[in-house]
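Working notes, beginning with the structure itself.
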Amino acid sequence: HYTFFPGKPRWPQSNRDLTYAFQPENQLTDVVKNVFTAAFSRWSAVTALTFTQTDSWADADLKIGFFEGDHGDGEPFDGLLGTLAHAFSPTSGRLHLDADENWVVSSDITEATETSAVDLESVAVHEIGHLLGLGHSSVEGSIMYPTIPSRSRKVELASDDILGIQELY
Ligand code: TQI
Ligand code: ZN
Ligand code: ZN
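If you count by the working numbering, then the sequence shown holds residues 176 to 344, one letter each, in order.
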């Protein structure tokens, strides 16, 4: 079953059209940005929320970036595997990915893929769930279930994820 953060924080009724920005220093490729577009659209498809990319880092509601090691928020990353990413509860809007992972986009995953490879969209969909206010779920196979096998892809919202997000929005 889905959970929320303590106090059930969520984005206010007055701010359901959320903007997101990528950390300018990361200089991300369109391939990477498109993975986030796809991940956001999975959540907007089942809620009244909308997500729009902006080039203004300062003004964005949601701020996405890749960082390595200690990056100044008290939650240092740990190199290969272990922690892959983290996101903070509403209305922080911060979504950080560990730059030391072997990130792949789904089409790259084959039998020959390194065992340490992590599918970017799978992690993005999960972390966006946290950004929007979902905690972890006890339902195996849900997006918000707290484990994912490496070198695997899980991007479709389960009914448990949908019920959880629709209770918030
Ligand atoms: N990062 C943890 C996670 O996102 C960080 C975390 C632990 C956390 N407890 C939390 C974030 C409570 C918010 C609230 O769950 S992780 C998975 C999964 C991670 C884990 O790097 O371990 C995914 C990132 F679910 F597969 F285990 C993405 Cl998909
Ligand atoms: Zn961080
Ligand atoms: Zn999580």
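Note that CB positions come from ideal geometry on N, CA and C, so glycine has one too.
Going by the CB atoms, is the gap between residue j and residue i shorter than 9 Å?
i: Val-314; j: Asp-335; result: yes
i: Val-279; j: Ala-292; result: yes
i: Trp-218; j: Gly-304; result: yes
i: Asp-253; j: His-271; result: no
i: Ala-260; j: Asp-273; result: yes
i: Val-221; j: Ile-340; result: yes
i: Leu-332; j: Ile-323; result: no
i: Leu-309; j: Thr-178; result: yes
i: Glu-289; j: Asn-277; result: yes
i: Leu-307; j: Phe-263; result: no
i: Ser-216; j: Ile-284; result: no
Can you name the start and end residues of the beta strand (DSSP E) that residue i belongs to?
i: Ile-239; result: 237 to 242
i: Asp-273; result: 269 to 273
i: Gln-188; result: That residue, Gln-188, is in no beta strand (DSSP E); it is neither H nor E in DSSP.
i: Trp-278; result: 277 to 279
i: Ala-262; result: 260 to 262
i: Phe-226; result: 225 to 228
Starting from residue i, trace the alpha helix (DSSP H) in both directions and tell me its first and last residue.
i: Val-210; result: 205 to 219
i: Ala-299; result: 295 to 307
i: Gln-341; result: 334 to 343
Going by DSSP in three states, residue i sits in which element: helix, strand or coil?
i: Asn-201; result: helix
i: Asp-287; result: One point to set straight first is that residue 287 is Ala, not Asp, in the sequence displayed. Note: Ala-287 maps to coil in three-state DSSP.
Next item on the list: Count the CB pairs spanning the stretch 218 to 228 and the stretch 259 to 274 that are closer than 8 Å, and state whether there are at least three.
Entry: At 8 Å Cβ cutoff, the stretches do not touch.
Notebook entry, point to check: Using 8 Å as the Cβ pair cut-off and three pairs as the minimum, do the stretch 229 to 242 and the stretch 194 to 202 touch?
Noted result: Yes, the stretch 229 to 242 is in contact with the stretch 194 to 202.
Next item on the list: Could you please go through the chain and list the residues whose beta-carbon is closer than 5 Å to any non-hydrogen atom of ligand 1?
Entry: The set, ordered by position in the chain, is Thr-258, Leu-259, Ala-260, His-261, Val-298, His-301, His-305, Pro-321, Thr-322 and Ile-323.
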